[in-house]
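Visitor: Residue numbers (my numbering): 414 to 632.
Backbone N, C-alpha and C define an ideal beta-carbon position, used for all residues, glycine too.
Input: one structure, supplied below.
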């Protein structure tokens with residue numbers, strides 16, 4: 414039996430889709446879906462950079478730069494966004510798949526397949542947030558879909574705000590979907606599967622928070 418990767422189907426009908434994936438001997442379309450999602454992520458990142466979304470740290474120090482230096486900084490910012498839109502999803506796909514492979518002993522191609530709907534969910538979060546940022550000036554750090562909106566009421570530490578940003582309606586959705594998927598592919602107890610998925614997500618949450626917060630900690 415051959416299984417055709419379809420993140421939309423896996424999001425809408427996860428139990429049925431992953432039951433089919435479990436019985437499949439081969440998985441196809443994974444590479445195509447990965448490329449489509451990566452391309453979409455890069456395009457969205459470039460659009461954010463083009464409209465100046467997330468450039469608060471640059472504009473805060475505008476008086477330090479000449480017009481040429483600021484233009485060059487914007488170019489580097491756009492390049493950084495594009496690279497982030499490419500490599501962050503790649504790291505998520507492959508590192509998490511390797512971890513699950515080592516801990517749960519599931520076929521790697523199937524593990525990569527179940528990461529794709531989760532990646533699509535994170536991409537949907539960015540797509541939904543984009544118009545709010547563009548037209549209403551909502552900062553990425555204070556996404557209305559995440560716990561970061563409560564950050565300033567809890568602590569003054571921006572690192573905690575950034576960490577709370579990773580806990581959103583969409584991330585909970587993605588984590589739940591991954592638990593369903595992995596539970597469908599393994600006989601391991603659901604508690605163990607859930608613990609592994611949450612731990613992996615916390616690892617990425619801390620990594621992303623550190624990468625986005627520490628570069629500006631000395632500003």
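#1: Find the nearest neighbour of residue 462 within the set 561, 493, 616, judged by alpha-carbon distance.
#2: Once you ignore the five residues that flank residue 528 on each side, which residues in its own chain have a CB closer than 8 Å to its CB?
#3: Is residue 435 helix, strand or coil by DSSP?
#4: Specify whether the stretch 595-608 and the stretch 416-436 touch according to this definition: at least 3 beta carbon pairs, one from each stretch, less than 8 Å apart.
#5: What are the start and end residues of each continuous alpha helix (DSSP H) run of 4 or more residues lying completely inside the stretch 466-534, in chain order?
#6: Taking the continuous beta strand (DSSP E) assigned at residue 417, which residues delimit it?
#7: Would the stretch 566-582 count as touching the stretch 616-624 if we require 3 or more Cβ pairs under 8 Å?
#8: Would you mind stating whether residue 459 and residue 495 have Cβ atoms separated by less than 8 Å?
#9: Which of the three DSSP states, helix, strand or coil, is assigned to residue 642?
#10: Taking Cβ to Cβ, would you say residue 457 is nearer than 8 Å to residue 498?
#11: Report buried or exposed for residue 484, applying the criterion of at least 16 other Cβ atoms within 10 angstroms of its Cβ.
#12: Does residue 629 pass the burial test, meaning 16 or more other C-beta atoms within 10 Å, or should it be called exposed?
#13: Out of 514, 464, 439, which has the shortest C-alpha to C-alpha gap to residue 547?
#14: Less than 7 Å between C-beta atoms, sequence neighbours within five positions excluded: which residues of the same chain meet that for residue 618?
#15: According to DSSP, simplified to helix, strand and coil, what is residue 440?
Guide: So, from the data block:
#1: 493
#2: 505, 506, 509, 510, 591
#3: helix
#4: The stretch 595-608 makes contact with the stretch 416-436: 3 or more CB pairs, one atom from each, lie closer than 8 Å.
#5: 469-473, 480-517
#6: 415-417
#7: The stretch 566-582 vs the stretch 616-624: in contact.
#8: yes
#9: Any property of residue 642 remains undetermined from this structure, which presents the chain solely from 414 to 632.
#10: yes
#11: exposed
#12: Low per-residue confidence applies at residue 629: pLDDT is 46, beneath 50, and the placement is therefore not dependable, though the value from the model is reported in the following sentence. Exposed, since its Cβ has fewer than 16 Cβ neighbours within 10 Å.
#13: 464
#14: 576, 579
#15: In the displayed model, residue 440 falls within a strand according to three-state DSSP.
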